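Just so we're aligned, residue 53 is where the sequence shown starts under the working numbering, counting upward by one. For each residue, glycine too, the CB sits at the ideal point set by N, CA and C. Quick caveat, the model's predicted, so the values are computed rather than measured. What follows is a single structure, written as structure tokens, with notes after it.
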Amino acid sequence: MLPIGVKAKRAKVVYVMRNPKEVLVSFYHFSHSWSMLETPKSFEAFFQDFMDGKAFKGLWFDHVREYQNEKDKMDIHFVRYEDMLKDLRGEVVKLCDFLGKDLTDEAIDHVVEMSTFRNMKTNPKANHKDLIEKQRYNRPTMRRGVAGDWKNFFTVAQNEYFDRVFEEKMSDLALNFTWEINQ
């Protein structure tokens, strides 16, 4: 998904990962928002399409694997969404270090405040408000911004199936995900 020149020029890449169960649920809701995507018939149907790689942009497992395999060849900083929920300031400081930016405490505090879910959700530049007005989106794209919401959607059978597929496809990678956070 990256332009060819990014790899050749060793541009710095920030890759934000999210617990894949949350990605599935978020993508399900996003598919109801973006007018370019077919609205899912049901969560069950979308779940299966996601697991089969039939959702927009293909299989999540392949996407993450590709970036993980390139981490030593490219200058990639991996950020986990759930880590931002737990310690946004700490993640901003790590990002500044990766980018070689020496910000004052006040500047970091400003970045942190502007990057909270609450502020991003109300920021027209972040929440696609102008694209809603242009009918590219049917409704707001930012929903809850929490970790653990997948448990409100997955059945026990879906969760067990997801866990089996995740283990089969990703067990050889050193990936750690937070599956829920007590908010």
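Open item on the list: When you compare the segment 122 to 134 with the segment 61 to 74, are there three or more beta-carbon pairs, one atom per stretch, that lie closer than 8 Å?
Closed with: These segments touch.
- [ ] In angstroms with no decimal places, state the Cα-to-Cα distance between L183 and L155.
- [x] Reliability fails at L183, whose pLDDT of 49 lies under 50, so the model's placement of it is uncertain and the value that follows must be treated cautiously. Each residue's Cα considered, the two are about 32 Å apart.
Task: Whole-number beta carbon distance between F102 and A79, since they are thought to touch under 8 Å - done: A small fix is needed here, since residue 79 is Phe in this sequence, not Ala. So it is a contact: roughly 7 Å between Cβ atoms.
Task: Where the beta strand (DSSP E) containing K64 begins and where it ends - done: 64 to 69 is the extent of the beta strand (DSSP E) around K64.
TODO: For chain D, find out if any of its Cβ atoms is closer than 8 Å to the Cβ of I56; answer yes or no.
DONE: The structure shown contains no chain D; it holds only a single protein chain.
- [ ] Have a look at F214, V208, R62, E232 and flag the residue whose alpha-carbon is nearest the alpha-carbon of D124.
- [x] Checked all of F214, V208, R62, E232; the closest Cα to D124 is R62.
Open item on the list: What does the Cβ neighbour count give for H162, buried or exposed, with the cut at 16 atoms within 10 Å?
Closed with: Around the beta-carbon of H162, fewer than 16 other beta-carbon atoms lie within 10 Å, marking it exposed.
Open item on the list: Using C-beta distances below 6 Å, list every residue in its chain close to W202, excluding the 5 sequence neighbours before and after it, in chain order.
Closed with: Correct list, in chain order: K73, E74, V77.
Open item on the list: So within the segment 96 to 165, which uninterrupted beta strand (DSSP E) runs reach at least 3 residues, ignoring any that extend past its ends?
Closed with: The qualifying runs are 127 to 132.
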